[in-house]
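Asks: Here you go, one structure.
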Amino acid sequence: MDECEVLEVKETFASHDPATELKKVELAIKKITQEIQLLQGHKQQLISKRDKLKDAIQQNKSAQLAQKDWDRKDFPWSKELQNIQESIFKIPRLRAHQLPTINATLSGVDCILIMPTGGGKSLCYQLPAHVSKGVTLVVSPLVSLMEDQIMGLKALNIEAQMLSASSGREQVNGVHADMTNPNSTLKLLYVTPEKLSKSKRFMTKLQKMHQMGRFARLAIDEVHCCSQWGHDFRPDYKFLGIMKKMFPGTPILGLTATATSRVIQDVQKILDIQGCLILKASFNRPNLFYEVRPKPSSHEECVRQIQHMLQKEFQGQSGIIYTMTIKDSEQLASDLRSHGLRVAPYHAQLDADVRSRVHTKWVKNEYQAVIATIAFGMGIDKPDVRYVIHHCISKSMENFYQESGRAGRDGEPAKCIIFWRFGDLARQSTMVFTEQTGLENLYGLIAYCLDGVRCRRNLIAEHFDEAWETSDCAGMCDHCKIPQEVKMMELGDYGQKLLLILEKSSSMDQRLTGQKLVDLFLGKGSTKQRVQGATAIGLPRETAENIVAYLLVDGFLKEDFHFTPYSTLSYIVPVAE
């Protein structure tokens, strides 16, 4: 910079007050920032409108596909289909929604089927697999479910294979050879989503199979696992989003027993099958009796009640008892066996051959019941299950519906019973709170347990966006069988007392778990933390616990989670205003 330029710059600053100039610049920036914010707001509105219009277009496409008569029996494959159905699968007639789904996938149409547990979803890909040339690839998150289906198919002399992390080299090589062998009799290949996302070798074989025209269809079981809004999101399912682009022309069939409208929309976007055919069966299982029973506070009393149920109420009948953890499964099985009951634990830590033996003995009625973890017991199947008992609450309404849906698959009456107690809330919430909608889903099921009057079926229907009448229940739930007298309870006063207790504990730098809060509410626990006039002495403990649970579900209180080296703790705190 020469001398003249330096003088010019100095004169410029000298002729203007920098403070005044700064204010002008800041005002200009503020004005532009406001304009940008307005434009950003307008942009977001337009994006939202665009997305809604796109969704509407896709919904219209789905509605148009649904208008077609998929129940017809004059498709080119209809005669062959009926012959295979009767001669190989030994099924005289199909259930509702099975034929439309089968005809759609054989037509090459992408489809999502929402059908209750026990409705016959698996037949919707097993049957067309025998009509189509090539291999139907079935993706399932549950090894036990795949094992169960393959066992059933082999009993019918149907060629099916499975690949998972535990598959040996010889089996893997054999399956890979069958995939690209035009003369292979392999029709159904079951794989875990991890096999797709982590095995480049398998994906290479799949591409080769597709190039040869042998990739008949992709069936995705538990398709709700794709969505983070679903009750059982699995990251490896996200990988399935590339399948449509990698394998154009291969129809996708998604199957689930439980999914809300939001989840189904999300799944379509993830799988790139927007506007696909959506077939939805009613969630009502008229042969199932739904009931919630108070869970005894002592383990011994709970065991005694379940023992009595198996020996008296369900004597000689087959069933499933769900527990929360492997330890619970082992302990409950041991306690019931000590009383002479033929039961066995069923969970992920059992060796595969042990698990298979337990399953086989249960199917043959050598075991009256299996004690399964809620995380692992979804793969077990048996048509004549007369009862499903939840020794603890499940993760969500969707999980409960699926688990209880293992009962009565033969169409005969069966019971679905939940043992509910407040103490199980924190045990479950500390396991699910890290999931995107974990607490929301859990609280939905707790609301079902807490409701003391309404029809259980109505509560399930509302959750799944269906409208049922109480008459649809026909006395098949505890509330409709013996209508309860409505007793209104004003919770405002109790809520204020609980807030006073929480405020005092907070002022003492003390945190309260749910059980400690109930103790102080009932005038028990630490005398230093009690609040005069903020107790509900004389109130039954079960009622006090349910009040706290209801205020959590209602959003008046909330859980605050803290990690320790060995566990996660749930504390109760007021909701910040």
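Residues 5 to 581 in our numbering are what the sequence shown lists, from first letter to last. All C-beta atoms, glycine included, are put in the ideal place defined by N, C-alpha and C.
Considering only C-alpha positions, which residue in the set Q500, K532, T568, F565 is nearest to A540?
Replies: Selected option, being the one with the closest Cα: Q500.
Asks: How would you write the range of the beta strand (DSSP E) that F565 sits in, first residue to last?
Replies: First-last of the beta strand (DSSP E) with F565: 561-567.
Asks: Rounding to the nearest angstrom, what Cα-Cα distance links F287 and V436 in this structure?
Replies: Those two C-alpha atoms are separated by around 25 Å.
Asks: Would I325 and I422 qualify as a contact pair, given that the criterion is a beta-carbon distance under 7 Å?
Replies: It is not a contact, given that the beta carbons lie outside the stated cut-off.
Asks: Does the segment 526-536 come into contact with the segment 561-572, if we say contact requires no fewer than three beta-carbon pairs (one atom in each stretch) closer than 8 Å?
Replies: Short answer: they don't touch.
Asks: Taking DSSP's pairing of strands, which residues face G258 in a bridge?
Replies: In DSSP, G258 forms a bridge with I116, I224.
Asks: Would you report the Cα separation of R221 and D276, rounded to the nearest angstrom?
Replies: Roughly 15 Å separates the two Cα atoms.
Asks: Please determine if the segment 476-496 and the segment 452-461 are in contact, where contact requires at least 3 C-beta pairs separated by less than 8 Å.
Replies: Output reads yes: the segment 452-461 touches the segment 476-496.
Asks: If you reduce the DSSP assignment to three classes, tell me which class S148 lands in.
Replies: S148: helix per DSSP, three-state reduction.
Asks: Within the continuous alpha helix (DSSP H) that includes E304, where are the two ends?
Replies: That run of the alpha helix (DSSP H) goes 303-312.
Asks: Decide yes or no for the touch test of the segment 188-199 against the segment 129-136: beta carbon pairs closer than 8 Å, at least 3 of them.
Replies: At 8 Å Cβ cutoff, the stretches touch.
Asks: Looking at P120 and G409, is the spacing between their C-beta atoms short of 7 Å?
Replies: Yes, the pair counts as a contact, with Cβ atoms nearer than the cut-off.
Asks: Grab me the residues of D339's own chain with a C-beta within less than 7 Å of its C-beta, minus the 5 sequence neighbours each way, in chain order.
Replies: Once the five neighbours on either side are set aside, the close Cβ partners of D339 are V307.
Asks: Helix, strand or coil: how does DSSP classify E407 here?
Replies: Of the three classes helix, strand and coil, the one that applies to E407 here is helix, per DSSP.
Asks: Would you check if the distance between the CB atom of R425 and the CB atom of K299 is smaller than 7 Å?
Replies: Yes, the Cβ-Cβ distance between R425 and K299 is below 7 Å.
Asks: Hey, how far is the Cα of L443 from the Cα of R431?
Replies: The straight-line gap from Cα to Cα measures roughly 12 Å.
Asks: Grouping DSSP H, G and I as helix and E and B as strand, with all else coil, what is S322?
Replies: Note: S322 maps to strand in three-state DSSP.
Asks: Which residue comes first and which comes last in the alpha helix (DSSP H) that contains L573?
Replies: No alpha helix (DSSP H) contains L573, which is instead part of the beta strand (DSSP E) from 572-578.
Asks: Does P298 come out as helix, strand or coil in the three-state DSSP assignment?
Replies: It is a strand residue.
Asks: Could you name each continuous alpha helix (DSSP H) segment of 4 residues or more that falls completely within the segment 181-248, going from the start of the chain to the end?
Replies: Runs of the alpha helix (DSSP H) inside the segment 181-248: 197-202, 204-215.
Asks: Tell me which residues share the same chain as P349 and place their Cβ nearer than 7 Å to its Cβ, disregarding the 5 neighbours each side in the sequence.
Replies: Same-chain partners within the cutoff: S333, E334, A337, I375.
Asks: Measuring only the C-alpha atoms, how far is R218 from S126?
Replies: Taking the straight line joining both Cα atoms gives about 20 Å.
Asks: Using 8 Å as the cut-off, can you tell me whether the segment 155-167 makes contact with the segment 107-124, which would need three or more C-beta pairs spanning the two stretches below that distance?
Replies: Result no; under three Cβ-Cβ pairs closer than 8 Å.
Asks: Using DSSP's beta-bridge definition, name the partner residues of C420.
Replies: DSSP output for C420 lists Y294, V392 as bridge partner(s).
Asks: If I follow the unbroken alpha helix (DSSP H) through M492, where does it start and stop?
Replies: Premise fails: M492 is in no alpha helix (DSSP H) and is neither H nor E.
Asks: Just the C-alpha distance for V490 and V457, rounded to the nearest angstrom, thanks.
Replies: Going from the Cα of V490 to the Cα of V457 covers about 7 Å.
Asks: Considering only C-alpha positions, which residue in the set D469, E370, T37 is nearest to S265?
Replies: Ranking the options by Cα distance to S265, first place goes to D469.
Asks: Excluding the five sequence neighbours on either side, which residues of its own chain have a C-beta within less than 7 Å of the C-beta of S433, listed in chain order?
Replies: These residues qualify, in order along the chain: L443, L446, E563, S574.
Asks: Using a 10 Å radius around the Cβ and a threshold of 16 neighbouring Cβ atoms, would you call N403 buried or exposed?
Replies: It counts as buried.
Asks: On the DSSP bridge list, what partners appear for M166?
Replies: In DSSP, M166 forms a bridge with Y194.
Asks: Which residue from G412, K485, Y498 puts its Cα closest to that of L543?
Replies: Cα-wise, what sits closest to L543 is Y498.
Asks: Please report the residue range of the beta strand (DSSP E) in which Y350 lies.
Replies: Y350 -> beta strand (DSSP E) spans 347-350.
Asks: Measure from the alpha carbon of V179 to the alpha carbon of each residue in Q315, M213, M155, then state which is nearest.
Replies: Checked all of Q315, M213, M155; the closest Cα to V179 is M213.
Asks: Ordered along the chain, which non-local residues of its own chain (more than five positions away) have a Cβ less than 8 Å from that of C229?
Replies: Only P145, P197, D236, F237, R238, Y241 meet the Cβ criterion.
Asks: Given this structure, state the Cα-to-Cα distance separating Q319 from C481, to the nearest angstrom.
Replies: Approximately 21 Å, taken between the alpha carbons.
Asks: Please return the same chain residues whose Cβ sits closer than 6 Å to the Cβ of M150, not counting the five positions on each side in sequence.
Replies: Only S144, M166, Y194 meet the Cβ criterion.
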